[in-house]
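Written out below as structure tokens is the structure these notes cover.
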Amino acid sequence: MASSPLLFVLVLTVAFCDASPVKASFGCSNSGITDSDRQAFLDFHNNARRRVAQGVEDNKSGKLNPAKNMYKLDWDCEMEQKLQDAIQSCPGGFAGIQGVAQNIISWSGSGGFPNPSEKINSTLASWWGGAKNNGVASDNKYTGGGLYAFSNMVFSETTKLGCAYKVCGTKLTLSCIYNGM
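Numbering (mature numbering (1 follows the signal peptide of the UniProt record, and there is no 0)), first residue to last: -19 to -1, 1 to 162.
Spelled out as structure tokens, the structure:
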């Protein structure tokens, strides 16, 4: 029995196809961070916001009230670039970008930061921890200073974010900005 050319093509196609999901390129021109880092920032925010929307996110006591209106965030390359430009000198405070809310942190380490990506999740988790550590009132009013970063991340009208980081010697500045404020 002779092999058909169609069967051979089918076997080759199956052998060379990768079934793993392909992540789309963000298309940002900023080479300061990678698409993998962009995805980590975006996934953390959207997963955390989803938990709030579903009413399963921890508060200091119990759970946060479910959100009535919570948008999934999209990455904004222009916001990222503005932020990257603003943090080039690793400022110790806010970058002064108009029309956005900003979270910013600076890390210091004697060995520097050869892989700044390793700080993304711990930074985002520390910002997000405001509700669990300080508590949010049942009317969802964020009045405490310990809720500033959390409230920027969870604000229901936010639809876009851009994040960036910069290493300056032994200092790492990591920041995110949010529209809708």
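We put the beta carbon where it would ideally sit given N, CA and C, even for glycine.
Roughly how many angstroms lie between the CA atoms of residue i and residue j, to the nearest whole one?
| i | j | result |
| --- | --- | --- |
| residue 3 | residue 148 | Residue confidence for residue 3 is low, a pLDDT of 43 falling below 50, so the modelled location carries little weight; the figure read from the coordinates is stated next. Looking at the two C-alpha atoms, the distance is approximately 29 Å. |
| residue 116 | residue 7 | 35 Å |
| residue 75 | residue 31 | 27 Å |
| residue 152 | residue 91 | 9 Å |
| residue 80 | residue 18 | 24 Å |
| residue 100 | residue 87 | 11 Å |
| residue 114 | residue 78 | 28 Å |
| residue 27 | residue 108 | 14 Å |
| residue 58 | residue 94 | 24 Å |
| residue 38 | residue 119 | 13 Å |
| residue 85 | residue 156 | 4 Å |
| residue 72 | residue 154 | 7 Å |
| residue 9 | residue 150 | 25 Å |
| residue 60 | residue 160 | 9 Å |
| residue 106 | residue 12 | 25 Å |
| residue 104 | residue 55 | 20 Å |
Residue i by DSSP, collapsed to three states: which one?
| i | result |
| --- | --- |
| residue 66 | helix |
| residue 139 | coil |
| residue 149 | strand |
| residue 35 | helix |
| residue 115 | helix |
| residue 154 | strand |
| residue 58 | helix |
Answer with buried or exposed for residue i, where buried requires no fewer than 16 other C-beta atoms within 10 angstroms of its C-beta.
| i | result |
| --- | --- |
| residue 97 | buried |
| residue 169 | Because the chain here runs from -19 to 162, residue 169 falls outside it and cannot be looked at. |
| residue 24 | exposed |
| residue 89 | exposed |
| residue 15 | exposed |
| residue 33 | buried |
| residue 133 | buried |
| residue 162 | exposed |
| residue 130 | buried |
My understanding is that residue i touches residue j, with C-beta atoms under 8 Å, so please give their C-beta distance in whole angstroms.
| i | j | result |
| --- | --- | --- |
| residue 158 | residue 69 | No, residue 158 and residue 69 are not in contact; Cβ-Cβ is about 15 Å, not under 8 Å. |
| residue 102 | residue 21 | 7 Å |
- Count the CB pairs spanning the segment 64 to 81 and the segment 133 to 148 that are closer than 8 Å, and state whether there are at least three. yes
- Query: So does the segment 127 to 142 actually touch the segment 40 to 58, counting three or more Cβ pairs closer than 8 Å?
  - Reply: yes
- Spell out a yes or no on whether the segment 124 to 132 and the segment 39 to 46 are touching, meaning 3 or more CB-CB pairs, one atom from each, closer than 8 Å. no
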